[in-house]
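Chains A and B supply the protein sequences, listed in that same order.
For the first sequence, my numbering puts the final residue at 1383, and the numbers step up evenly by one.
For the second sequence, my numbering puts the final residue at 922, and the numbers step up evenly by one.
We put the beta carbon where it would ideally sit given N, CA and C, even for glycine.
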Amino acid sequence: MRISLNWLKTYVDIDISAAELAERLTMVGFEVESIEHLGEKYNNFIIGEVVEISKHPNANKLTLCKVNIGKEILSIVCGAPNAKLKQKVVVGRVGATVPHNQHDPNGLPFVLTHVKIRGEGSFGMICSEYELGLGDNKDGIMVLPEDSISGCELATFLGLDDTVFEVGITPNRPDAMSHIGIAREVAAMLGKKLKVPSLRLKESKQLTKAYVNIKVVDSLNCPRYSGRIVLGVKIEQSPKWLQSYLKAVNIRPINNVVDITNFVLMEVGQPLHAFDYDKITDHTIIVRKANAGETFTSLDHKGRSLSTDTLMIVDSKRSIAIAGIMGGAETEITESSKNIFIESAYFDSRSVRRSAKRFGLSTDASQRFERGSDPSILPWAADRASQLIQEICGGEVLKNVVDIYPKKIKPKVVNLRPQKVNEVLGITIDSKEVSRLLHKIDIRSSLSRNKNKQKHKIQYIVPHYRPDIEAEIDLIEEVARLYGYNNIETNQNATLSLQSSAPEYNYISEIRDWLIGSGYSEIISNSMQDISLSLLNSKNAVEIANPITQDMAVLRTSLIPGMVRIIKNNISQGNKNLRFFEFGKTYFFEPSIVSSGSSYISGFFEENRLILGYFGQANKQYWNRKAKPVDILDVKGDIQTLFQKIFLDNIKFIPYSTTNALTNRGLVVEIQGIKAGEIALVSNTLLEKFDIDQSVYIAEIKIDLLLQHMDKRKIFKHLPKYPVVNRDVAFIVAENVSSEQLINVIQDAGSSLLLNIELFDIYQGNQVQEGKKSLAFSLEFLSYDHTLNQVEIDRIMQIIINKVSGILGGKLRS
Amino acid sequence: MMNSIEEIKHSADAEINNISTSSKLDAFRIKFLSRSGLIAGLFDQLKSISTDERPIVGKAINELRTHVQSLYDDRKSKVDLSSKQTEPFIDLTLPGRERWIGSKHPLTQTMEEIQRIFFHMGFSIADGPEIEDDYHNFEALNFPPDHSARDMQDTFFITDKVLLRTHTSPVQIRVMEQQQPPVRVIIPGRVYRNEAISARSYCLFHQVEGLYVNKGVSFAELKGTLLSFAQQFYGSSIKYRFRPSFFPFTEPSAEMDITCFLCNGKGCKVCKKTGWLEILGCGMVHPNVLRNVKYDSEIYSGYAFGMGIERITMLRFGIDDIRILYDNDIRFLRQF
């Protein structure tokens, strides 16, 4: 909230600079987010009197003015049609930043310099309302009242010689949402006395209670309701000082009565509401829940339908306010109002919060009630407002506050063990010091010090305005705050017991590092996406009930659409040849699923996945090597290499040729017989959605399966003592025989002596029969217990040739 | 016979000196040393001479062969050397054959760096769901229902009681529900906030949360741990401060600031002219939270802290718009 320094100073003596005060407030928990010197933008603007005026010798529409600005007289060339002798005007001096340039279509600011206009020097500018940002009038210079004083700074003239702090008030401190609240903290901090304004109310002999009949039906949600009546007020604009204060805290002045209720709100934090007394039917006020189906027009002239849960202020006929949130249009203070009723009430925070949420309203009043207001301040606030109304608007204040307070709220009593303070904070202070610190903010022990002396537990009475203090730990926090967080020791000698890190994080970073080394860039993408994308591959997408926009309304069910989106973004930026990866979660609605404790909650399933995305060329182009467009075997190769890297075996790649929503033609990846993902071409449906006209390849793998099955125990195997024997062989087989089939037959036939099979050539053409192909392999044989001789190898080769011929009808290519 | 040996020796001695290329040297080898060469021819003739003379002549031929062989070897090493120097011309200024480079996302880099520091301080890692229930995200963390503290975090809801976690703190509850003290974990993860997207805020971001619960843990130790972290992460010369703040699940609560490393505390746009940068929120675990996980708050106490990875990453690398982190433009990613 905004705190005016001038205003604050009326409650506490402040003998430090604004900057230092801001720093000190921040250090006790009231973070000053910014400091604004209100008049700063009017530096170099000064009030002057036109003491001489003549026509510009070289321009018809210009005049030459001499303007007395107190200590000197400036020559200024002026283009305004309304410039006249003896006018009081606002002069911008050389160096001033004029807020709006009248000649700029966007009205941007500009800095005044010394210029010559058609040969005549001009040492400043006489400004219009628009140029100063004080109104919309561009037609001529702004003319001030005759009694304005030449030489007076414009900021001072406008009541802007104030400094305003933007203070971040945490939700636990509603007491600090006012100038007195902050002044209380400043007083404690600086060791000064808080100066609460004294009341000087002149009451008439008529009793307030004879003029209004108040009935609180729902005293649970409205534990206290009080009010005052002032008769015969004159509604007009507020005096300048009051307007300045309100403007400083960004409240728009409306009329004197409304301004005074706002002033008291910002002064002490108690929300008040002023009703036009004559419009309250039968002068009866009832506090109760709304009836079903009721509607209400609030001050902002919006119709609102009420629920039976909404606490309302009603008269004998109709609703006149939503309790604690906003008044009604029908009873608001207007220029013709004469008699007024001022409500000063205490509403239950939860009730106000529920209604404020329901209406989507957050008002100065509701914010304070929601966080917890001070039930003890009600009569004071009503009196204070009545007094100011009497002073400013005239009128007769009726005798006594009406105060419906059936069950008095007692201040809380909280126990504190001084030794607990030391335990929690790691400091050593004694109970006397604890009490001294708390006393600064009016938290006093309930017993005399002597009685407390021997005790290891002290009772403290908490003021009504501190709803946040409920238990011992809350008092400890106050002690810490007042002791100063930075005075608490910084203990860097913590006891250390090293624990092993969660292993899967190491493996993920191992995989990540490998991918980066292999030329992939890591992406991190949004897990919320358009419903149409998530539904493409799962009906069980998790929908967000209150999304920001429809294109982020559902959690992703696959990493593929997100990857394609990022690839599209890159293509649009002219980036070519992309290799990306992402580790991310996918989310599913699964009614049958039961919470796993640390991974997902009942009814929802979250799955960690890894995705690779490819676009463009498979390799860099060199001066003697052409680039080749990426194809699925590049992706498969990388996945195979990755699996080797992490010692994952028992993997299968099963081709499929069907098209699903996200992919078509690809390979299903199986780990230990379980589907773990796929390697595929992105489907046309998806490419069209993102308007991509080239192939995009992806591999998406369930990462938990990978981690579960990878070989984490690395055990040394002896190196072979005997030499490897190489044989090359080529087979001619029918076109439709897959390389995998052929390799499996060879491996099978080669038994355990066949160490490695490498396909090094595929040939189809003149040299072989039509419908056939030739596949050439390099075979490596090894025995761990002896050197293989020619005879043995020949025998194995013969078995291989026989099996290939017998099972696949393949022939040895000679 | 002996004459021809001598002749061959002379011609070999003479010829070898004129040889400067490997092809000529090879011709020399074929002429003298190959199976059909002159020396082999001498051995063939050996059969036709008398058995008395044979050993003497044989020895002479052998000596000749050794001599010529050494001439050859000697010359070969010279020819090899010179022929290497006259290989076909290669333009060594041609670009080398580079490979594509990959990169680690800057958010991951920050995350890993933070994790590394806390690993070394004895923290292990914990994890939890992003789709979370109201109890773990709010209630167990001492946010009562209908409490204004909930407004601090605009929430995406799935149902009335299920939501996208607004912070990593619910994992604190999950860890303590499953484990008895001492507990010392950090919790990295993705969190969601229903806020308008702008240069300063995105609808999701990442946090690292920390939790330590044991006997006799104090605020002084919290300060010490976080100071050690900040010194390792931001440099040992930083100045720091702790100031009071509010989080429902910690009390006392604090925010830690360090001197702005962009302006050295002089005040700039990034630190909003204060000279300080807020780097994390922290506090002593609220006794209500300990009670909710059935820890005895009279025996155990603890601290918790949390920091935003995006914010730290943006500060570290001077990134001024959070959205660029999620655009994943390859030209951006390759800068890290």
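Along the chain, which unbroken stretches of the beta strand (DSSP E) at least 3 residues long are found entirely within the stretch 977-1045 of chain A? 981-985, 1027-1031
Residue-level contact to chain A via CB, B:H753, 9 angstroms cutoff: If you number the second sequence from 1, residue 753 of chain B lands on position 167. No, no contact with chain A.
Please state the DSSP three-state secondary structure of A:Q1367. To locate residue 1367 of chain A, count along the first sequence from 1; it is residue 798. Helix, per DSSP.
What are the start and end residues of the beta strand (DSSP E) that includes B:C868? Taking the second sequence and counting its residues from 1, one reaches residue 868 of chain B at position 282. Its beta strand (DSSP E) spans residues 862-871.
When we look at the beta-carbon of A:G1166 and count the other beta-carbons within 10 Å, is it buried (16 or more) or exposed? One-based indexing of the first sequence puts residue 1166 of chain A at position 597. Under this definition A:G1166 is an exposed residue.
B:F815 versus B:Q764 - alpha carbon distance: Residue mapping note: residue 815 of chain B aligns to position 229 of the second sequence, counting from 1. Residue mapping note: residue 764 of chain B aligns to position 178 of the second sequence, counting from 1. If you draw a straight line from the Cα of B:F815 to the Cα of B:Q764, it comes to about 27 angstroms.
Could you work out which residues of chain A lie near B:D720, taking near to mean beta carbons separated by less than 8 angstroms? Taking the first residue of the second sequence as 1, we reach residue 720 of chain B at position 134. Ordered by position in chain A, no residue passes the 8 angstroms Cβ test against B:D720, which lies about 11 angstroms from the chain.
Residue-chain proximity (A:P1198, chain B), Cβ-Cβ < 9 angstroms: By one-based count along the first sequence, residue 1198 of chain A stands at place 629. Answer no: the Cβ-Cβ gap between A:P1198 and chain B never drops below 9 angstroms.
Among A:L607, A:F599, A:E602, A:L643, whose alpha-carbon lies nearest the alpha-carbon of A:V619? Position 50 of the first sequence holds residue 619 of chain A. Answer by Cα proximity: A:L643.
Identify which residue in A:R937, A:D1120, A:E700 has its Cα closest to the Cα of B:H733. As a first step, residue 733 of chain B is located in the second sequence; it is residue number 147 there, counting from the start. It is A:R937 whose Cα lies nearest to the Cα of B:H733.
What does A:R923 reach in chain B if we use C-beta pairs closer than 9 angstroms? If you number the first sequence from 1, residue 923 of chain A lands on position 354. The answer, in chain order, is D732.
What's the C-alpha gap between A:L1275 and A:A1345? For the purposes of this step, residue 1275 of chain A is identified with residue 706 of the first sequence, where counting begins at 1. For the purposes of this step, residue 1345 of chain A is identified with residue 776 of the first sequence, where counting begins at 1. Distance between the alpha carbons of A:L1275 and A:A1345 is about 33 angstroms.
Which ranges would you report for the alpha helix (DSSP H) in the stretch 808-873 of chain A if only whole runs of at least 4 residues count? Runs found: 809-817, 825-837.
Thinking C-alpha only, which one of A:P980, A:F1184, A:T1254, A:A861 is nearest A:S1101? Working through the first sequence from its first residue, we reach residue 1101 of chain A at position 532. The residue with the shortest Cα to Cα distance from A:S1101 is A:T1254.
Between which two residues does the beta strand (DSSP E) holding A:G1379 run? Within the first sequence, residue 1379 of chain A is the residue found at index 810, counting from 1. Neither: A:G1379 is in no beta strand (DSSP E) and is coded neither H nor E.
In chain A, which residues lie less than 7 angstroms from B:N780 when you measure between Cβ atoms? Looking up residue 780 of chain B in the second sequence gives position 194. Within chain A, the residues near B:N780 are N1115, I1117.
Among B:S839, B:F629, B:H792, B:D906, which one has its Cα closest to the Cα of B:G867? Locating residue 867 of chain B in the second sequence gives position 281, counting from the first residue. Comparing Cα-Cα distances from B:G867 to each of B:S839, B:F629, B:H792, B:D906, the minimum goes to B:S839.
State whether the stretch 974-987 of chain A contacts the stretch 809-827 of chain A, with contact taken as three or more CB pairs (one from each stretch) at a distance under 8 angstroms. no
CB of A:I1430 within 9 angstroms of CB of A:G648, strictly: Here chain A has residues from 570 to 1383 only, and residue 1430 of chain A is not among them.
For A:I891, does the three-state DSSP call read helix, strand or coil? Counting from one through the first sequence, the residue named residue 891 of chain A turns up at place 322. If DSSP states are grouped into helix, strand and coil, A:I891 belongs with the strands.
Chain A residues whose Cβ lies nearer than 8 angstroms to that of B:K806: Taking the second sequence and counting its residues from 1, one reaches residue 806 of chain B at position 220. Per the sequence shown, residue 806 of chain B should be read as Ala rather than Lys. Residues of chain A passing the Cβ test: L994, G995, I996, I1057, E1058, T1059, N1060.
Nearest residue (CA-CA) to B:I916, options A:K1197, A:E1091, A:L1044: In the second sequence, the residue the question calls residue 916 of chain B occupies position 330. Checked all of A:K1197, A:E1091, A:L1044; the closest Cα to B:I916 is A:E1091.
What is the DSSP secondary structure of B:H753, reduced to helix, strand or coil? The residue given as residue 753 of chain B occupies position 167 in the second sequence. Three-state result, B:H753: coil.
Check whether the Cβ atoms of A:S1014 and A:S1004 lie closer than 9 angstroms to each other. As a working note, residue 1014 of chain A is residue 445 in the first sequence. As a working note, residue 1004 of chain A is residue 435 in the first sequence. Yes, the Cβ-Cβ distance between A:S1014 and A:S1004 is below 9 angstroms.
Which first and last residues belong to the beta strand (DSSP E) in which A:C634 is found? In the first sequence, residue 634 of chain A corresponds to position 65, counting from 1. Taken as a continuous stretch (DSSP letters only), the beta strand (DSSP E) holding A:C634 covers 632-637.
Cβ shell of A:G693 (< 7 angstroms), same chain only, five flanking positions each side left out: Looking up residue 693 of chain A in the first sequence gives position 124. For A:G693, where only same-chain residues beyond five positions count, the Cβ hits under 7 angstroms are L643, I645, V660, G661, R662, V663, L681.
Can you tell me the Cβ-Cβ gap for A:I996 and A:E1039, rounded? I've got them flagged as a contact below 8 angstroms. Within the first sequence, residue 996 of chain A is the residue found at index 427, counting from 1. Within the first sequence, residue 1039 of chain A is the residue found at index 470, counting from 1. Their Cβ separation, rounded to whole angstroms, is 23 angstroms, which puts A:I996 and A:E1039 out of contact at 8 angstroms.
If we count the other Cβ atoms within 10 Å of its Cβ and call it buried at 16 or more, is A:W810 buried or exposed? Locating residue 810 of chain A in the first sequence gives position 241, counting from the first residue. Taking all protein chains in view, the Cβ of A:W810 is surrounded by fewer than 16 other Cβ atoms within 10 Å, so the residue is classified as exposed.
Could you tell me which residues DSSP puts in a beta bridge with A:T903? Sequence index remark: in the first sequence, residue 903 of chain A carries index 334 (1-based). DSSP output for A:T903 lists no bridge partner at all.
Under 9 angstroms between the Cβ atoms of A:G1185 and A:K1137? In the first sequence, the residue the question calls residue 1185 of chain A occupies position 616. In the first sequence, the residue the question calls residue 1137 of chain A occupies position 568. In this structure, A:K1137 does not lie closer than 9 angstroms to A:G1185 by Cβ.
Using a Cβ-Cβ cut-off of less than 9 angstroms, give me the residues of the stretch 758-792 of chain B that come near chain A, in sequence order. The stretch 758-792 of chain B vs chain A, Cβ under 9 angstroms: R760, V761, E763, Q764, P768, R770, V771, P774, R776, Y778, N780, E781, A782, I783, Y788, C789, L790, H792.
Using the rule of at least 16 other Cβ atoms within 10 Å of the residue's Cβ for burial, across every protein chain shown, is A:K1189 buried or exposed? The residue labelled residue 1189 of chain A in the question sits at position 620 within the first sequence. Answer is exposed; the Cβ neighbour count stays below 16.
Short Cβ contact (9 angstroms threshold) for A:R793 with A:L947: Locating residue 793 of chain A in the first sequence gives position 224, counting from the first residue. Locating residue 947 of chain A in the first sequence gives position 378, counting from the first residue. Cβ distance < 9 angstroms, so A:R793 and A:L947 count as in contact.
CA-to-CA distance, A:K1009 to A:Y1389, given in whole angstroms: Residue 1389 of chain A lies beyond the stretch modelled for chain A, which goes from 570 to 1383, so this question has no answer here.
Quick one: does B:Y881 have its CB under 9 angstroms from some CB of chain A? Start at 1 with the first residue of the second sequence, and residue 881 of chain B comes out as number 295. Not closer than 9 angstroms to any Cβ of chain A, the Cβ of B:Y881 fails to qualify, so no.
Give the residues of chain B in contact with A:S1168, contact being defined as C-beta atoms less than 9 angstroms apart. Looking up residue 1168 of chain A in the first sequence gives position 599. In chain order: D713, G714, P715.
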